[in-house]
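When we follow the working numbering, the leftmost residue of the sequence shown carries the number 428, and every step to the right adds one.
Each residue gets a CB set at the ideal place from its N, CA and C atoms; glycine is no exception.
Data block below; observations after.
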Amino acid sequence: MSNERTLVLVKPDGVQRGLTGEIISRLERRGLRVLAAKMLQPDEALTRLHYAAHVDKGFFPGLMAFFTSSPIMALVFEGQRAVEVARQVSGATDPVEAAPGTIRGDLALDKGQNLIHASDGVEAAVEEIALYFRADEVLSYERDVDRWITGS
Ligand code: IDP
Ligand code: MG
């Protein structure tokens with residue numbers, strides 16, 4: 428099975444609500460490992476790059492105001508099918524449609540303020556990781572427990 432890396436952001440609402448640890452914990456408990464983590468305050472330039480696909484959407488001004496409103500935590504997670512797993516653990520974009528048991532389905536109400544970002548594909552993950560981290564900030568290591576998670 429493929430070992431993938433994905434970018435996860437605890438968005439401003441997650442940091443402000445004290446859910447940073449909860450969000451990291453859910454992904455760690457699922458079996459993914461943290462390769463990099465940092466707190467940062469997004470500016471408008473970063474927001475335009477990160478949400479380049481959405482700059483022309485009607486909700487973009489609100490998204491810009493929200494995303495730049497508070498520090499966020501950026502993380503790189505790695506593991507078997509990490510991109511798909513982080514999206515699944517996040518739940519659907521609209522928390523009202525997100526399944527119970529997901530971060531958004533359990534902890535959020537609003538489509539804009541939905542706590543977490545997770546890359547939507549392997550190629551997007553590579554680009555997004557480079558947006559937030561220098562190559563030397565992303566560690567590479569194995570955990571002894573990984574053989575009890577993936578069997579290899
Ligand atoms: P995703 O975060 O599940 O990948 P996208 O469709 O890529 O969802 O949208 C990116 C982010 O933009 C969402 O997580 C949400 O914060 C915001 N967003 C998307 N659609 C809406 C909307 O209709 N109203 C308000 N905010 C939205
Ligand atoms: Mg998206």
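Give me, in chain order, the residues of the same chain whose beta-carbon lies closer than 8 Å to that of residue i; leave out the 5 immediate sequence neighbours on both sides.
i, result
"Q507", "M428, S429, N430, E431, G458, I576 and T577"
"V482", "R475"
"A513", "T433, V435, L454, L459, F504, A545 and S546"
Along the alpha helix (DSSP H) that carries residue i, what are the first and last residues, could you check?
i, result
"A472", "E471 to H477"
"A551", "V549 to Y559"
"A545", "Unbroken run through A545 is the beta strand (DSSP E), I543 to A545; no alpha helix (DSSP H)."
"G532", "I530 to L534"
"F494", "F487 to F494"
"G448", "T447 to R457"
"R574", "D573 to I576"
Verify the contact flag: residue i, CB atom, against every heavy atom of the ligand MG, threshold strictly below 7 Å.
i, result
"D547", "yes"
For the beta strand (DSSP E) that contains residue i, what are its first and last residues?
i, result
"Q507", "I499 to Q507"
"V461", "R460 to L467"
"R432", "N430 to V437"
Using 7 Å as the cut-off, classify the Cβ of residue i as near or not near the heavy atoms of the ligand IDP, replying yes or no.
i, result
"Y478", "yes"
"T520", "yes"
"G532", "no"
"G441", "no"
"L454", "no"
"L536", "no"
"F486", "yes"
Ignore the nearest five residues each way along the sequence and tell me which others in residue i's own chain have a CB closer than 7 Å to its CB.
i, result
"S517", "T529, I530, R531, I543 and A545"
"R453", "V516 and I530"
"D521", "K538"
"Q443", "S497"
"T495", "P469, D470, E471 and T474"
Using C-beta distances below 6 Å, list every residue in its chain close to residue i, excluding the 5 sequence neighbours before and after it, in chain order.
i, result
"L462", "V503, E505, V565 and L566"
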